[in-house]
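Below: the structure, in structure tokens.
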Amino acid sequence: MSQPISTDDLINPVRVIRVTIHTMGFPFESSTRSDNHASIFLVVNSESSVRMTMMNNYSEMACEYDVSLSSVKDVDLKPTTNATVGEFLGLIHQKKLDQYELHADGVGCRFWVKSALQAFQTAGLIDPSASVSQAYEALEYNYSRNQPPQLSPMIAGKFLSNP
674 MSQPISTDDL INPVRVIRVT IHTMGFPFES STRSDNHASI FLVVNSESSV
724 RMTMMNNYSE MACEYDVSLS SVKDVDLKPT TNATVGEFLG LIHQKKLDQY
774 ELHADGVGCR FWVKSALQAF QTAGLIDPSA SVSQAYEALE YNYSRNQPPQ
824 LSPMIAGKFL SNP
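Quick note on this note's numbering: the sequence shown kicks off at 674 and runs consecutively.
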């Protein structure tokens with residue numbers, strides 16, 4: 674279950690930055706690969722996280738779980754000590770990363786996730802020992818349950834403001 678972010682959520686320290694690639698199911702009966710969607714979870718504890726996602730619009734929601742049931746691939750990154758949910762969300766808005774338009778084909782969420790991670794890294798919110806390149810590499814693939822990953826190069830949408 675998810676709900677709007679509260680002011681109490683903003684002060685929580687982030688324990689894990691989880692890049693999640695979700696299955697969206699098979700678009701057609703004849704499809705052999707599932708559609709994917711990428712998002713970022715700021716994990717606070719085993720029962721609480723904040724999900725940042727870009728679909729038609731940017732959204733951020735408080736969740737009562739730390740692992741999505743639709744996840745087909747997760748990459749966990751270590752945040753810097755004491756980095757809070759509010760710092761991550763504030764950076765998204767400060768850098769105008771919430772002002773993004775998907776590609777005409779309806780794709781571009783993976784590029785958005787990569788851009789957000791780059792902003793977090795530049796701002797010092799990701800621990801220098803974290804392997805951000807693992808997350809970048811994972812975003813270059815399509816994932817389906819019980820199948821090997823398949824290379825699927827990222828397609829960018831466009832930022833409506835210069836981040």
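From the three backbone atoms N, C-alpha and C, an ideal C-beta is built for every residue, glycine too.
Could you compute how far the alpha carbon of residue i sits from the alpha carbon of residue j?
{"i": "Glu774", "j": "Asn730", "result": "8 Å"}
{"i": "Ser741", "j": "Phe714", "result": "9 Å"}
{"i": "Phe784", "j": "Gly830", "result": "7 Å"}
{"i": "Ala789", "j": "Arg818", "result": "26 Å"}
{"i": "Asn685", "j": "Val758", "result": "6 Å"}
{"i": "Cys782", "j": "His776", "result": "9 Å"}
{"i": "Thr696", "j": "Val805", "result": "22 Å"}
{"i": "Ile678", "j": "Val687", "result": "14 Å"}
{"i": "Leu750", "j": "Gln807", "result": "9 Å"}
{"i": "Val780", "j": "Ala803", "result": "27 Å"}
Taking Cβ positions, are residue i and residue j nearer each other than 8 Å?
{"i": "Asn709", "j": "Ile694", "result": "yes"}
{"i": "Phe832", "j": "Leu798", "result": "no"}
{"i": "Tyr816", "j": "Val745", "result": "yes"}
{"i": "Val716", "j": "Arg691", "result": "yes"}
{"i": "Pro752", "j": "Asp682", "result": "no"}
{"i": "Gln676", "j": "Ala735", "result": "yes"}
{"i": "Glu733", "j": "Met725", "result": "yes"}
{"i": "Ser834", "j": "Lys787", "result": "no"}
Who does residue i pair with in a DSSP beta bridge?
{"i": "Ile713", "result": "Val692, Met725"}
{"i": "Leu750", "result": "Ile690"}
{"i": "Glu733", "result": "Met725"}
{"i": "Ser675", "result": "Cys736"}
{"i": "Lys831", "result": "Glu774"}
{"i": "Leu824", "result": "Tyr814"}
Using 8 Å for Cβ pairs, my map puts residue i next to residue j. What's the rounded Cβ distance?
{"i": "Pro821", "j": "Glu813", "result": "Going by Cβ atoms, the distance from Pro821 to Glu813 rounds to 14 Å, so no, they are not a contact pair."}
{"i": "Ser712", "j": "Asp739", "result": "The pair is not a contact, with the Cβ atoms about 13 Å apart (cut-off 8 Å)."}
{"i": "Phe793", "j": "Leu764", "result": "7 Å"}
{"i": "Ala796", "j": "Val748", "result": "At roughly 19 Å, the Cβ-Cβ gap does not stay under 8 Å, so Ala796 and Val748 are not in contact."}
{"i": "Ile828", "j": "Asp771", "result": "Incorrect: roughly 20 Å between the Cβ atoms, too far for contact."}
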